[in-house]
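J.: Each residue of the sequence shown is one higher than the last, beginning at 2 in UniProt numbering.
Every residue gets a Cβ at the ideal spot worked out from N, C-alpha and C, and that includes glycine.
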Amino acid sequence: TKSVGIIGAGIAGLALAIRLANQGFKVTVFEKNSYPGGKLSELNLNGFRFDKGPSLFTMPGLIDELTSLQGSSLQFKYQKLQVITNYFYSDGTQLKASANIEEFAEEVHLKLNEKKETILKYMKRNAFYFKTTEDLFLKQSLHQLKNFINLKTFKGILFSPFLGLFSSMNKKNINIFSNPKTAQLFNRYATYNGSNPYKAPALMNMISHLEFNLGAYLPNEGMHQITTHLVKLTEEANVIIKYNSKVDTIEVGSNSRIAFIKCNDVNYAFDIVASDVDIHVLYKYLLPKSFTPKKLIQQEKSSSAYVFYWGINKEFSELGLHNILFSDDYKKEFDYLFSKQFPIDDPTIYINITSKYCKADAPEGCENWFVMVNVPHNKNRSITYETDLRKNVINKINTILKTTIEKHIITESTLSPVDIENQTSSFGGSLYGNSSNNKFAAFLRHSNFSSTIKNLYLVGGSVHPGGGIPLCLFSAKIASQLIAEREKK
Ligand code: FAD
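(1) Helix, strand or coil: how does DSSP classify residue 171 here?
(2) So, at 8 Å on beta carbons, what are the nonlocal neighbours of residue 435 in its own chain, with the 5 sequence-adjacent residues on each side left out?
(3) Whole beta strand (DSSP E) runs in the region 339-420 with 3 or more residues, listed along the chain?
(4) For residue 188 versus residue 170, is the C-beta spacing smaller than 8 Å?
(5) On the premise that residue 386 lies in contact with residue 428, defined as a C-beta separation below 8 Å, what is that separation, rounded to the nearest angstrom?
(6) Would you kindly work out how many angstroms separate the C-alpha atoms of residue 179 and residue 115, rounded to a whole number?
(7) Sort 293, 265 and 219 by Cα distance to residue 83 and report the nearest one.
(8) Under three-state DSSP, which class holds residue 76?
(9) Mark residue 111 as exposed unless 16 or more other C-beta atoms lie within 10 angstroms of its C-beta, in which case mark it buried.
(10) Have a look at 424, 471 and 266 and flag the residue whose alpha-carbon is nearest the alpha-carbon of residue 216.
(11) Locate the alpha helix (DSSP H) running through residue 243, then write down its first and last residues.
(12) Heavy atom of the ligand FAD less than 7 Å from the Cβ of residue 263, yes or no?
(13) With a Cβ-Cβ cutoff of 8 Å, do residue 91 and residue 401 count as a contact?
(14) Skipping 5 residues on each side, what residues in its chain have a beta carbon closer than 8 Å to that of residue 95?
(15) Just verifying my parser: in three-state terms, what is the DSSP assignment at residue 481?
(16) At the level of alpha carbons, what is the spacing between residue 335 and residue 203?
(17) Looking at the structure shown, is residue 267 part of a helix, part of a strand, or coil, going by DSSP?
(18) Using 7 Å as the cut-off, classify the Cβ of residue 271 as near or not near the heavy atoms of the ligand FAD, replying yes or no.
(19) To which residues does DSSP link residue 428 through a beta bridge?
(20) If distances are taken between C-alpha atoms only, which option among 489, 68 and 196 comes closest to residue 340?
(21) Quick check: what's the CA-CA separation for residue 6 versus residue 453?
(22) For a minimum of 3 consecutive residues, which ranges assigned as the beta strand (DSSP E) are wholly contained in the region 57-145?
(23) Within its chain, find whatever has a CB closer than 6 Å to the CB of residue 324; leave out the 5 residues flanking it on each side and keep chain order.
(24) So, at 7 Å on beta carbons, what are the nonlocal neighbours of residue 108 in its own chain, with the 5 sequence-adjacent residues on each side left out?
(25) What residues match up with residue 310 in a beta bridge as DSSP calls it?
(26) CA-CA distance, residue 326 and residue 332?
(27) With DSSP as the reference, identify every bridge partner of residue 220, one or two as the case may be.
(28) With a 10 Å radius around its C-beta and 16 neighbouring C-beta atoms as the bar for buried, classify residue 1 as buried or exposed.
(29) Is the Cβ-Cβ distance between residue 228 and residue 287 less than 8 Å?
(30) Tell me residue 23's beta-bridge partners as DSSP assigns them.
(31) Look at the alpha carbon of residue 467 and the alpha carbon of residue 448, and state the distance between them as a whole number of angstroms.
(32) By DSSP, does residue 232 sit in helix, in strand, or in coil?
(33) Does the separation of the CB atoms of residue 359 and residue 312 fall below 8 Å?
(34) Within the present structure, is the beta-carbon of residue 11 separated from the nearest heavy atom of the ligand FAD by less than 7 Å?
(35) Nearest by alpha-carbon distance to residue 486: which of 13, 11, 8 and 21 is it?
(36) Quick one: measure Cβ to Cβ for residue 120 and residue 131, integer angstroms, because I've assumed they're closer than 8 Å.
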């Protein structure tokens, strides 16, 4: 039996461990933290439970696939959301995005005076784009594909007008919709991979297809259940997870294969090594002597987040699981985010309240608020804005919800880009690896294998096909297929 060492127990590392153990490999995972899940972890605070990172869950079938490939009887239960998001604009407009597209189109017609058919057609077109491109972009290694079809054909597909890589999400949306508020609503999907809708290619408008056509979900016990379920599957498959085990270096031999990895001053040798570590960190710290794909590393990073976890001693009936309080000037917000590298005074605020569904997440009569603002990834650790940000967030919530929220915060914790970097090693605390702010970065991410080190494979949000839970799970699937093809047992 061949052995595999996986560095990092984020969801991509865990999913790869499950797949490889089921392919017959002997798998050991090294995790620097004392807990699994990386960005997908949880926080328990004075009777409140919070999901620390991701809150939006699409394509749950990718988790079910891991359960069933192992023939496991372990349960992973989740529910489909009937209302996806509650939107609040600063002029008082409120909109409920129903999972039922007809109802959603009717609501956008009523509240934003958009033609119902325009919405329905838009959704249909996004479904078509997704179906036409998912095989190409999500289900295989693009980098291997290049070997099968010639490069010219490949570039032809990539840059055909059909894919709309030469227009931005916003350009397309303002052309289609009559009300700028509708364009703003759909532009927001750029933030699902930490990008700028005024720069990201129009093709990325299809992200909304994941929520509206395929559905948005919540595990019955909150998002962290994804991590606990994957860990249970690894245990069942006899994967060893070593916690408090930071891998310091990867030593490559003269035969261009990894000789060993070094962790807590011990050398571990494996036939195959896979990394779930941000590529920036991987090349800079774990492989300092090896060839570095500089162009990829230097791409603009995705945005980060500043999160306030608030225990609130009141219930707000106007809020649901996902709530967006939009900024007035969206273009300015993204200019600040990516050019000025500073959060704007009037930021878009996202409030996630899992206790709306998972009653155990907050004491009776209370709610667990995860309040998030998109902020720049942290290039310069000395920049501080926390105090102003908290004040601005509170003011905006108070104005829109006509409340004095500060009086209702009974417990509080925060997560900054620096915390995200310290806790998960993602460069500058960026949430999704490179941003998709240009057409190359959007689709040409680092491959799922190393081109110079023969037995090294890569998974996770900073490599192909990209960040976010579904894409990380796809990266594990692609890497496991590559390993099955290339590494005979
Ligand atoms: P990570 O979760 O980053 O895990 C990497 C792991 O590797 C970590 O556990 C780390 O400790 C470990 N590690 C790093 N270096 C070493 C080393 N040298 N040795 C040993 N271990 C090491 N996605 C969505 O789909 N929906 C959302 O709503 C969403 N919202 C988000 C909100 C926030 C605040 C954050 C932070 C992220 C959000 N994301 C969301 C993104 C999503 O969480 C990530 O894309 C995904 O969890 C990344 O998983 P991963 O396996 O790539 O890596």
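T.: Looking at the atomic coordinates:
(1) On the sequence shown, residue 171 is found 170 positions in, with the first residue counted as 1. Of the three classes helix, strand and coil, the one that applies to residue 171 here is helix, per DSSP.
(2) Residue numbering aside, residue 435 sits at position 434 when the sequence shown is read from its first letter. Contacts found: 297, 300, 301, 302, 303, 442, 446 and 463.
(3) The DSSP assignment places 350-353, 368-376 and 410-416 as complete runs of the beta strand (DSSP E) inside the region 339-420, in order along the chain (cut-off: 3 residues).
(4) Translated into the one-based positions of the sequence shown, residue 188 becomes position 187. Translated into the one-based positions of the sequence shown, residue 170 becomes position 169. Contact flag set, yes.
(5) Counting from one through the sequence shown, the residue named residue 428 turns up at place 427. Counting from one through the sequence shown, the residue named residue 386 turns up at place 385. About 20 Å; that fails the 8 Å criterion.
(6) Locating residue 179 in the sequence shown gives position 178, counting from the first residue. Locating residue 115 in the sequence shown gives position 114, counting from the first residue. Distance between the alpha carbons of residue 179 and residue 115: 6 Å.
(7) Mapped onto the sequence shown, residue 83 falls at position 82. Among 293, 265 and 219, the Cα nearest to that of residue 83 belongs to 219.
(8) Indexing the sequence shown from 1 puts residue 76 at position 75. Coil, per DSSP.
(9) Here residue 111 corresponds to residue number 110 of the sequence shown, with the count starting at 1. When all chains shown are included, residue 111 counts as exposed.
(10) Here residue 216 corresponds to residue number 215 of the sequence shown, with the count starting at 1. Out of 424, 471 and 266, 471 has the C-alpha closest to the C-alpha of residue 216.
(11) Your numbering for residue 243 matches position 242 in the sequence shown. Counting along the chain, residue 243 falls outside any alpha helix (DSSP H), though it belongs to the beta strand (DSSP E) covering 241-243.
(12) Mapped onto the sequence shown, residue 263 falls at position 262. No; taking the cut-off as 7 Å, the Cβ of residue 263 has no heavy atom of the ligand FAD nearer than that.
(13) For the purposes of this step, residue 91 is taken as the residue at position 90 of the sequence shown. For the purposes of this step, residue 401 is taken as the residue at position 400 of the sequence shown. Yes.
(14) On the sequence shown, residue 95 is found 94 positions in, with the first residue counted as 1. Answer for residue 95: 87, 88, 89, 112 and 319, listed in chain order.
(15) Reading the sequence shown from its first residue, position 480 is the one you call residue 481. Reduced to three states, the DSSP call for residue 481 is helix.
(16) To locate residue 335, count along the sequence shown from 1; it is residue 334. To locate residue 203, count along the sequence shown from 1; it is residue 202. Roughly 16 Å between the two C-alpha positions.
(17) In the sequence shown, the residue the question calls residue 267 occupies position 266. Strand at residue 267.
(18) Counting from 1 along the sequence shown, the entry for residue 271 is found at position 270. Checking every heavy atom of the ligand FAD against the Cβ of residue 271, none is found closer than 7 Å.
(19) As a first step, residue 428 must be located in the sequence shown, where it is residue number 427. According to DSSP, residue 428 bridges with nothing at all.
(20) One-based indexing of the sequence shown puts residue 340 at position 339. Closest by alpha carbon: 196.
(21) Taking the sequence shown and counting its residues from 1, one reaches residue 6 at position 5. Taking the sequence shown and counting its residues from 1, one reaches residue 453 at position 452. Answer to the nearest angstrom: the Cα atoms are 18 Å apart.
(22) For the region 57-145, whole beta strand (DSSP E) runs of length 3 or above, ordered along the chain, are 79-81, 84-89 and 95-99.
(23) If you number the sequence shown from 1, residue 324 lands on position 323. Cβ neighbours of residue 324 beyond the five flanking positions: 87 and 352.
(24) Here residue 108 refers to the residue found at position 107 when the sequence shown is read from its first residue. Around residue 108: 96, 97 and 99.
(25) As a working note, residue 310 is residue 309 in the sequence shown. Partner(s): 371 and 414.
(26) Residue mapping note: residue 326 aligns to position 325 of the sequence shown, counting from 1. Residue mapping note: residue 332 aligns to position 331 of the sequence shown, counting from 1. Using only the alpha carbons, I get a separation of about 15 Å.
(27) Within the sequence shown, residue 220 is the residue found at index 219, counting from 1. DSSP, once it has assigned bridges, lists 79 as partnering residue 220.
(28) It is not possible to answer for residue 1, since the shown part of the chain is limited to 2 through 490.
(29) Along the sequence shown, one-based indexing puts residue 228 at 227. Along the sequence shown, one-based indexing puts residue 287 at 286. Contact flag unset, no.
(30) As a first step, residue 23 is located in the sequence shown; it is residue number 22 there, counting from the start. None; residue 23 has no bridge partner.
(31) Here residue 467 corresponds to residue number 466 of the sequence shown, with the count starting at 1. Here residue 448 corresponds to residue number 447 of the sequence shown, with the count starting at 1. Rounded to whole angstroms, residue 467 to residue 448 spans 10 Å at the Cα level.
(32) As a working note, residue 232 is residue 231 in the sequence shown. Looking at residue 232 - three-state DSSP - the assignment turns out to be helix.
(33) Along the sequence shown, one-based indexing puts residue 359 at 358. Along the sequence shown, one-based indexing puts residue 312 at 311. Contact flag unset, no.
(34) Residue numbering aside, residue 11 sits at position 10 when the sequence shown is read from its first letter. Yes, the ligand FAD has a heavy atom inside 7 Å of this Cβ.
(35) In the sequence shown, counting from the first residue as 1, residue 486 sits at position 485. The shortest Cα separation from residue 486 among 13, 11, 8 and 21 belongs to 21.
(36) Here residue 120 refers to the residue found at position 119 of the sequence shown. Here residue 131 refers to the residue found at position 130 of the sequence shown. No, residue 120 and residue 131 are not in contact; Cβ-Cβ is about 17 Å, not under 8 Å.
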